[in-house]
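Numbering (the numbering used here), first residue to last: 195 to 373.
In what follows, a single structure is set out as structure tokens and then discussed.
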């Protein structure tokens, strides 16, 4: 699928566009070229296309480890630029959590996700930043004390959504590892 075909599917302000993003998930999961084209749409000038592309990409990477491996070199190079785009902040923390990062990359990304969780006014972004950070920490256990501290803080001082996600993530961490 070409970039122009992807843009056509992701353009518009109605529910069909959201349904098209879901359709892309099933179509692109095993098409490496189309997957890379979708990735490049994260830098599109239209914020709606960026948002919908990141939504579709997050859904693909959630379940497809081969797709994650295909895009991880690009993410390693571009994540700093991408995380500053507000249209991507909803889904990018989850996407970053799916990648098996090297220690240095995990350290830099976790620092940014920790800052994002503390500074964003958007509770969905904060919840996803906590989730992505927890997923990275499960692969890099030296991050667990930092993540646990964030979860403790959000569980006591956060909004209802942040408190609920903090409890869920603590259970996930406890089931996966002994802290």
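Backbone N, C-alpha and C fix where the C-beta goes; we use that ideal spot for every residue, glycine too.
Model, not experiment: these values are computed from the prediction.
Self-check item: Whole-angstrom distance between residue 205 and residue 242, CA atom to CA atom
Solution: 7 Å
Quiz item: If you measure from the beta carbon of residue 298 to each beta carbon in chain D, is any gap under 8 Å?
Solution: The chain inventory of the structure shown lacks chain D, comprising one protein chain alone.
Practice problem: Can you tell me which of 239, 233 and 259 puts its alpha carbon nearest to the alpha carbon of residue 249? | Solution: When each option's Cα is compared against that of residue 249, the closest is 233.
Quiz item: Can you tell which of 346, 335, 254 and 238 has the C-alpha that lies nearest to the C-alpha of residue 360?
Solution: 346
Quiz item: Taking Cβ positions, are residue 307 and residue 327 nearer each other than 8 Å?
Solution: yes
Self-check item: Residue from 240, 235 and 256 with nearest C-alpha to residue 247
Solution: 235
Quiz item: residue 305 and residue 332: beta carbons closer than 8 Å?
Solution: no
Quiz prompt | Sub-8 Å separation of residue 223 and residue 258 beta-carbons | solution = yes
Self-check item: Start-to-end residues for the alpha helix (DSSP H) that takes in residue 239
Solution: Segment: none, residue 239 is in no alpha helix (DSSP H) and carries neither H nor E.
Quiz item: Among the residues of its own chain, which have a CB less than 7 Å from the CB of residue 293, if the five just before and after it don't count?
Solution: 262, 266 and 269
Exercise. For the alpha helix (DSSP H) holding residue 206, just list the boundary residues, first then last.
Key: Where residue 206 is concerned, there is no enclosing alpha helix (DSSP H), given that its DSSP letter is neither H nor E.
Exercise. For residue 287, count neighbouring Cβ atoms within 10 angstroms of its own Cβ and tell me buried if that reaches 16, exposed if not.
Key: buried
Quiz item: Is DSSP giving residue 315 helix, strand or coil here?
Solution: coil
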